[in-house]
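**Q**
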């Protein structure tokens, strides 16, 4: 088979494995003050933003990469990465969708998110992040009517500096761990959402991330603020083309819910997982943290993790306001040589706070999956409760499934309950399905979807359908 | 600390007549310990309770010197009544008496292993400390097809002669095929502020049964660390019961390797803690072959300013199909200042297994208290009754009825 054929063969496995031929502007390779200044300069950022970055960079110099996680990976050379890469045609930002590079638009079509169509038909406002720069934000007019701000981070820094200044880095401080600090220093773009007081966002907001250029890291930063009594549901999807080398994705996502506000954040992550032999793929080291700042606020994370060579993330909730609620629903699927170390942290600080964790892990092939979670009920968090359930499903005896929960209860009024099980798909179930005419793969797909039902139900409609298909695709070839 | 370790070590070399060979072995361990020091919270296993800090805070003048040349008086008042038993008496770091009066002497062999090379490949620096400073190392061998008629009680005791000292004990047990040993560790410490470090090594041949009951009931101000390493062959059964109530600090660690098919391990524990106590149990069960089983049940009742930690790990290797593992930890927090931490961990590489764990913590159920009070009990009585029932559940798991009754009496729970 010649290389061309092989490439085509490869494409079959990973549907999003195409690259788009667009000229890129890149920052010089490597990480130093000049590169940070370059990024800040090209984005025409005000001085306070540059100071924020430089402060993070100073801190970064003192920090060491953590290595307590289960999946080990070869050392990343941070000087060998491009920290900024932007499609050239973006230099002068397009004013409307019609002005976009037609090739870019085609890329999105391949991804299944034709912006215009989506804008028209689905009524979802999309902010697409291509490599590091936010390309287009649809449905702007409709949102402005409600006073909702939904734009790229760079735009927010220019147009809404007060809000950004007030909230950026309050949930994930620049002094946080290594990857978060790295992001604070070099982040290039991302989404910014502000929902004003009392507004229920009329549509689902959505971002699509894609890493296109090679040897680039993607460092996006998302900030969502839900003011008093507001509600927003936010969707995030990710893909990347196939490359032999590993690519780093270290994003920061900060959510802030004020009094009576609710934020629902859903992710379908389908980064390129590497080939069957574990070569290539994305390192997905993301920091996601939500702060329930006001009374009666609620933050809910839902994630479907099927991609990436290594997934290492813990979307967390800090329940500071009294009566606040944190939720975490997760499906993580690893196949072939994928590794995942994921879970959540629920930190109860306020009175009457509640949290719920439902985690479903499925591992197949040679993969390794770890649920790692922390439930910490502070001595002041009277009458709080937590319920955790993590179930793992194993397919074959070459893979691993691990559960590492940390439970800290410092309050006698509070209850914590934790359950975990590990099992496999029983022969009876398979037999039953096959008897009724399903082939083994369909049968496994059906059973796995049933296993994940509790989480899939939490996803918004459009995503749920996609996620269900994804669950099936990810497990292809794992039976037999 | 390093200087003191060396000078105390030299003192021991002077006072006891050790052979050059022994000194050489011990020195290796001493150097290992000096390099590593006491474990601290940077190590994952010591995250919740940092022993190096606790020792620093409680025993600032910890001495490692122990005069092994002088024997200690045995105080018979510490003996357990109402149960005929064999004895090993361990006072102030010296084994004073090994007494198997009730048994067939031909079936039990006591081997002095002090001079043997006992080097162990171990990350744990406390084992190094133990090996460097322990006095005699005995191996107790139970021969094939012999079941001990009476249980063996090891009395751990200290008297006025000793204070702020590190005390070490190491015992090895080998249970031959088809043999049975019931072992009770009974702690009665009269003096305070010692750091007691116990290391048991069990080897269970096929079809053998080990039952180990660790009872630390009487309130004392000592710090203790106990490590049981259990190797299990085909069809062997180990049962461990831990009552963790008396000392200021105890960490009980059980490492169980299920090397033989159809072997099983059971660990049950009770924490009953009051003012300023900090206790921990850490269990590691390694399922290494097919068809093995393990079960752990740990319950805590936590009073004012107390803290209990349970770290339980179940490891299932890819060969260990048909493993059955279950783990449950529950805690009742009685006061605003009590704290319960747990880390129940599953690490599984085989697909045809049944493994689950659960953990729950909270206060006493108000509805249950209301129910009992509406039937005429006082608040205090209802509380006691509920706690009684909560703990009884664990005690009922003890398979030996005689010992079960003894432990019930010691703890003071009623049926």
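Residue numbers (my numbering), protein chains in the order written: chain A, 212 to 691; chain B, 371 to 785. Just so you know, even glycine gets a beta-carbon here, dropped at the ideal spot from N, CA and C.
On the premise that residue 601/A lies in contact with residue 576/A, defined as a C-beta separation below 8 angstroms, what is that separation, rounded to the nearest angstrom?
**A** Within the first chain, numbered from 1, the residue matching residue 576/A stands at position 365. Within the first chain, numbered from 1, the residue matching residue 601/A stands at position 390. About 21 angstroms separates the two Cβ atoms, so there is no contact after all.
**Q** How about residue 592/A and residue 564/A: are their beta carbons less than 9 angstroms apart?
**A** Here residue 592/A corresponds to residue number 381 of the first chain, with the count starting at 1. Here residue 564/A corresponds to residue number 353 of the first chain, with the count starting at 1. Pairing residue 592/A with residue 564/A gives a Cβ-Cβ distance under 9 angstroms.
**Q** Could you tell me whether any Cβ in chain A is nearer than 9 angstroms to the Cβ of residue 737/B?
**A** By one-based count along the second chain, residue 737/B stands at place 367. No, its Cβ sits nowhere closer than 9 angstroms to a Cβ of chain A.
**Q** Taking CB distances under 9 angstroms as the criterion, tell me whether residue 721/B reaches chain A.
**A** Your numbering for residue 721/B matches position 351 in the second chain. True, the Cβ-Cβ gap to chain A drops below 9 angstroms.
**Q** Span of the beta strand (DSSP E) holding residue 559/A?
**A** Translated into positions along the first chain, residue 559/A becomes position 348. Residue 559/A -> beta strand (DSSP E) spans 556-559.
**Q** From residue 358/A to residue 532/A, what does the alpha carbon distance come to, in whole angstroms?
**A** Position 147 of the first chain holds residue 358/A. Position 321 of the first chain holds residue 532/A. Residue 358/A and residue 532/A: Cα-Cα distance of roughly 25 angstroms.
**Q** Find the residues of chain B that neighbour residue 655/A, judging by a C-beta separation of less than 9 angstroms, and give them in chain order.
**A** Stepping through the first chain from its first residue, residue 655/A is reached at position 444. Going along chain B, no residue has its Cβ under 9 angstroms from residue 655/A, so there is no contact; the nearest lies around 13 angstroms.
**Q** What are the start and end residues of the beta strand (DSSP E) that includes residue 706/A?
**A** Nothing can be reported for residue 706/A, as the shown portion of chain A is limited to 212 through 691.
**Q** Can you tell me whether DSSP reads residue 461/A as helix, strand or coil?
**A** What you label residue 461/A is simply residue 250 of the first chain in a count that begins at 1. The answer is coil: DSSP assigns residue 461/A none of H, G, I, E or B.
**Q** If we ignore side chains and look at the alpha-carbon of each, how far apart do residue 618/B and residue 675/B end up?
**A** Sequence index remark: in the second chain, residue 618/B carries index 248 (1-based). Sequence index remark: in the second chain, residue 675/B carries index 305 (1-based). Cα to Cα, residue 618/B sits roughly 12 angstroms from residue 675/B.
**Q** With a Cβ-Cβ cutoff of 9 angstroms, do residue 480/A and residue 431/A count as a contact?
**A** On the first chain, position 269 is the one that residue 480/A refers to. On the first chain, position 220 is the one that residue 431/A refers to. Result no, Cβ atoms of residue 480/A and residue 431/A do not sit closer than 9 angstroms.
**Q** Could you give the C-beta distance for residue 386/A and residue 250/A, rounded to a whole number, given that I count them as a contact under 8 angstroms?
**A** Stepping through the first chain from its first residue, residue 386/A is reached at position 175. Stepping through the first chain from its first residue, residue 250/A is reached at position 39. Residue 386/A to residue 250/A, Cβ: 20 angstroms. No contact.
**Q** Against chain A, does residue 419/B count as a neighbour if the rule is that its beta carbon must be under 9 angstroms from one of theirs?
**A** The residue labelled residue 419/B in the question sits at position 49 within the second chain. Closer than 9 angstroms: no.
**Q** For residue 781/B, count neighbouring C-beta atoms within 10 Å of its own C-beta (all shown protein chains included) and say buried if the count is 16 or more, exposed if not.
**A** If you number the second chain from 1, residue 781/B lands on position 411. The residue in question, residue 781/B, is buried, as its Cβ has 16 or more Cβ neighbours within 10 Å.
**Q** Using a 10 Å radius around the Cβ and a threshold of 16 neighbouring Cβ atoms, would you call residue 578/B buried or exposed?
**A** Taking the first residue of the second chain as 1, we reach residue 578/B at position 208. With 16 or more other Cβ atoms within 10 Å, it is buried.
**Q** In whole angstroms, give me the CA-to-CA distance for residue 308/A and residue 649/A.
**A** The residue given as residue 308/A occupies position 97 in the first chain. The residue given as residue 649/A occupies position 438 in the first chain. Note on residue 308/A: pLDDT 49, under 50, position unreliable in the model; the coordinate value appears next. Distance between the alpha carbons of residue 308/A and residue 649/A: 45 angstroms.
**Q** Is there a C-beta anywhere in chain B that falls below 9 angstroms from the one on residue 331/A?
**A** Your numbering for residue 331/A matches position 120 in the first chain. Residue placement at residue 331/A cannot be trusted, given a pLDDT of 41 that sits under 50; the coordinates are not used to answer.
**Q** Considering only the alpha carbon of each residue, which of 615/B, 572/B, 785/B lies closest to residue 592/B?
**A** Counted from its first residue, the second chain places residue 592/B at position 222. Of the candidates 615/B, 572/B, 785/B, the one whose C-alpha sits nearest the C-alpha of residue 592/B is 615/B.
**Q** Using a cut-off of 7 angstroms between C-beta atoms, extract the partners of residue 709/B located in chain A.
**A** Indexing the second chain from 1 puts residue 709/B at position 339. Simply 620, 621.
**Q** If you draw a straight line from the alpha carbon of residue 375/B to that of residue 429/B, how long is it in whole angstroms?
**A** As a position in the second chain, residue 375/B is number 5, starting the count at 1. As a position in the second chain, residue 429/B is number 59, starting the count at 1. Roughly 15 angstroms between the two C-alpha positions.
**Q** Taking 9 angstroms as the threshold (beta carbon to beta carbon), is residue 727/B in contact with chain A?
**A** Indexing the second chain from 1 puts residue 727/B at position 357. Judged by the 9 angstroms Cβ criterion, residue 727/B is in contact with chain A.
**Q** What's the gap between the Cα of residue 692/A and the Cα of residue 490/A?
**A** In the structure as shown, chain A begins at 212 and stops at 691. Residue 692/A is therefore absent and cannot be evaluated.
**Q** Determine the closest residue to residue 574/A out of 658/B, 719/B, 373/B, 769/B, with distance taken between C-alpha atoms.
**A** Within the first chain, residue 574/A is the residue found at index 363, counting from 1. Residue 574/A has its Cα closest to that of 719/B, out of 658/B, 719/B, 373/B, 769/B.
**Q** With 7 angstroms as the C-beta to C-beta threshold (strictly closer), list the residues of the segment 495-507 of chain A near chain B in chain order.
**A** none
**Q** Taking any Cβ of chain B, which residues in the segment 628-640 of chain A have a Cβ under 7 angstroms from it, in chain order?
**A** 628, 629, 630, 631, 632, 633, 634, 635
**Q** Whole angstroms are fine: how far does the CA of residue 494/B sit from the CA of residue 517/B?
**A** Here residue 517/B refers to the residue found at position 147 when the second chain is read from its first residue. Here residue 494/B refers to the residue found at position 124 when the second chain is read from its first residue. Each residue's alpha carbon lies about 33 angstroms from the other.
**Q** Looking only at its own chain, which residues have a Cβ that is under 6 angstroms from the Cβ of residue 740/B, when we skip the five neighbours before and after it?
**A** Translated into the one-based positions of the second chain, residue 740/B becomes position 370. Correct list: empty, nothing qualifies.
**Q** Along chain A, in chain order, which residues have C-beta atoms closer than 9 angstroms to that of residue 713/B?
**A** Taking the first residue of the second chain as position 1, residue 713/B is located at position 343. Near residue 713/B (Cβ distances below 9 angstroms), the residues of chain A are 615, 616, 617, 618.
**Q** Classify residue 676/A: buried if its beta carbon has 16 or more other beta carbons within 10 angstroms, exposed otherwise.
**A** The residue you call residue 676/A lines up with position 465 of the first chain. With fewer than 16 Cβ atoms within 10 Å of its Cβ, residue 676/A is classed as exposed.
**Q** Measuring only the C-alpha atoms, how far is residue 423/B from residue 408/B?
**A** Sequence index remark: in the second chain, residue 423/B carries index 53 (1-based). Sequence index remark: in the second chain, residue 408/B carries index 38 (1-based). Across the structure, residue 423/B and residue 408/B are spaced so that their CA atoms are roughly 9 angstroms apart.
**Q** Cβ of residue 667/B less than 9 angstroms from any chain A Cβ?
**A** Position 297 of the second chain, counting from 1, holds the residue named residue 667/B. Output row for residue 667/B: interface = no.
**Q** Rounded to whole angstroms, what's the CA-CA distance from residue 596/B to residue 610/B? Just pull it up for me.
**A** In the second chain, the residue the question calls residue 596/B occupies position 226. In the second chain, the residue the question calls residue 610/B occupies position 240. Rounded to whole angstroms, the separation of the alpha carbons of residue 610/B and residue 596/B is 13 angstroms.
**Q** Grouping DSSP H, G and I as helix and E and B as strand, with all else coil, what is residue 642/B?
**A** Along the second chain, one-based indexing puts residue 642/B at 272. Residue 642/B: strand per DSSP, three-state reduction.
**Q** At 4 residues or longer, and completely inside the segment 488-568 of chain B: list those alpha helix (DSSP H) runs for me, N to C.
**A** 495-503
**Q** Nearest-angstrom Cα distance between residue 672/B and residue 735/B?
**A** As a position in the second chain, residue 672/B is number 302, starting the count at 1. As a position in the second chain, residue 735/B is number 365, starting the count at 1. Approximately 15 angstroms, taken between the alpha carbons.
**Q** With distances taken from CA atoms, which of 549/B, 641/B, 648/B is nearest residue 607/B?
**A** Along the second chain, one-based indexing puts residue 607/B at 237. Among 549/B, 641/B, 648/B, the Cα nearest to that of residue 607/B belongs to 549/B.
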